[in-house]
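In full-length UniProt numbering, the protein residues as written are 1 to 214.
Quick look at the structure:
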């Protein structure tokens with residue numbers, strides 16, 4: 001007998017979840033790099049065009065994710081699809097900029113454990129963004145692929161949040177990270193009446209990678 005799918009549930013949390021999550025991530029990004037554009041604009045990295053371009057690409061990426069999730073929240077599917085082409089193009093530019101910075105950075109063996117984790121997460125980020133584009137006609141898979149990709153790559157942002165707020169990055173970063181993952185679990189339980197495979201496999205992968213590199 002064919003297994004019937006459980007009907008999806010919707011409430012205030014699920015309707016606004018991805019929009020609110022994307023806004024939170026954008027705000028965290030603004031805090032993380034506030035020294036670059038506000039408090040210490042004369043720092044050395046600001047004179048390197050590669051880092052400036054990368055920063056602009058990341059800001060554009062997080063901004064367009066906010067706009068896109070808001071379109072879906074308001075059921076403006078046509079606008080979401082039109083902007084999606086631009087969003088995918090920006091995602092490709094983000095991938096190129098991260099890839100190039102990794103290429104010119106120190107060798108993998110010389111990286112700290114979190115740097116090694118980021119190198120491992122990066123190919124998975126690429127695969128998930130590609131999956132999101134190919135499966136853009138399947139809303140839940142599309143959304144989960146994008147946000148699991150984003151969550152996996154958040155260490156540089158979260159560590160800088162700790163540094164720029166005068167708190168302990170080693171404490172702040174993993175705690176914020178886990179809260180964001182848990183929020184996705186809550187969304188799944190309410191909306192899907194279970195866990196999306198990308199949600200739990202993404203978190204398991206996250207734990208496994210850090211267990212290996214630590």
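Even glycine gets a Cβ: it sits at the ideal position worked out from N, Cα and C. No experiment lies behind these values; they were computed from the predicted model shown.
Could you spell out the range, first to last residue, of the alpha helix (DSSP H) harbouring residue i?
| i | result |
| --- | --- |
| residue 152 | 139 to 152 |
| residue 68 | 49 to 73 |
| residue 172 | 169 to 191 |
| residue 164 | 155 to 164 |
| residue 81 | 77 to 104 |
| residue 123 | 113 to 134 |
| residue 201 | 197 to 213 |
| residue 19 | 12 to 32 |
Residue i to residue j, Cα distance in whole Å?
| i | j | result |
| --- | --- | --- |
| residue 96 | residue 119 | 14 angstroms |
| residue 9 | residue 191 | 5 angstroms |
| residue 57 | residue 74 | 26 angstroms |
| residue 148 | residue 176 | 15 angstroms |
| residue 2 | residue 193 | Its pLDDT being 49, under 50, residue 2 is placed unreliably in this model, and the coordinates cannot settle the point. |
| residue 14 | residue 72 | 12 angstroms |
| residue 21 | residue 157 | 15 angstroms |
| residue 212 | residue 136 | 33 angstroms |
| residue 17 | residue 167 | 27 angstroms |
| residue 109 | residue 208 | 18 angstroms |
| residue 163 | residue 7 | 44 angstroms |
| residue 134 | residue 146 | 12 angstroms |
| residue 198 | residue 44 | 39 angstroms |
| residue 179 | residue 106 | 31 angstroms |
| residue 174 | residue 114 | 11 angstroms |
| residue 27 | residue 187 | 21 angstroms |
| residue 124 | residue 159 | 21 angstroms |
| residue 181 | residue 150 | 11 angstroms |
| residue 12 | residue 29 | 25 angstroms |
| residue 171 | residue 112 | 17 angstroms |
| residue 215 | residue 165 | The question about residue 215 has no answer here: the residues shown for the chain are numbered 1 through 214. |
| residue 47 | residue 36 | 10 angstroms |
Could you say which of the options lies nearest to residue i if we only look at CA atoms?
| i | options | result |
| --- | --- | --- |
| residue 203 | 183, 76 and 18 | 183 |
| residue 102 | 88, 117 and 91 | 117 |
| residue 185 | 171, 201, 174 and 172 | 201 |
| residue 161 | 60, 106, 31 and 69 | 31 |
| residue 206 | 137, 173 and 152 | 152 |
| residue 34 | 59, 99, 210 and 88 | 59 |
| residue 89 | 43, 198 and 130 | 130 |
| residue 99 | 54, 62, 114 and 140 | 54 |
| residue 62 | 25, 81 and 42 | 25 |
| residue 138 | 81, 214, 36 and 48 | 81 |
My guess is that residue i and residue j are in contact by the Cβ rule of under 8 angstroms, so how many angstroms apart are they, rounded?
| i | j | result |
| --- | --- | --- |
| residue 196 | residue 142 | Contact doesn't hold; Cβ gap of about 11 angstroms is too wide. |
| residue 83 | residue 67 | 6 angstroms |
| residue 87 | residue 104 | Actually they are not in contact, since the Cβ atoms of residue 87 and residue 104 sit about 26 angstroms apart, beyond 8 angstroms. |
| residue 19 | residue 69 | 4 angstroms |
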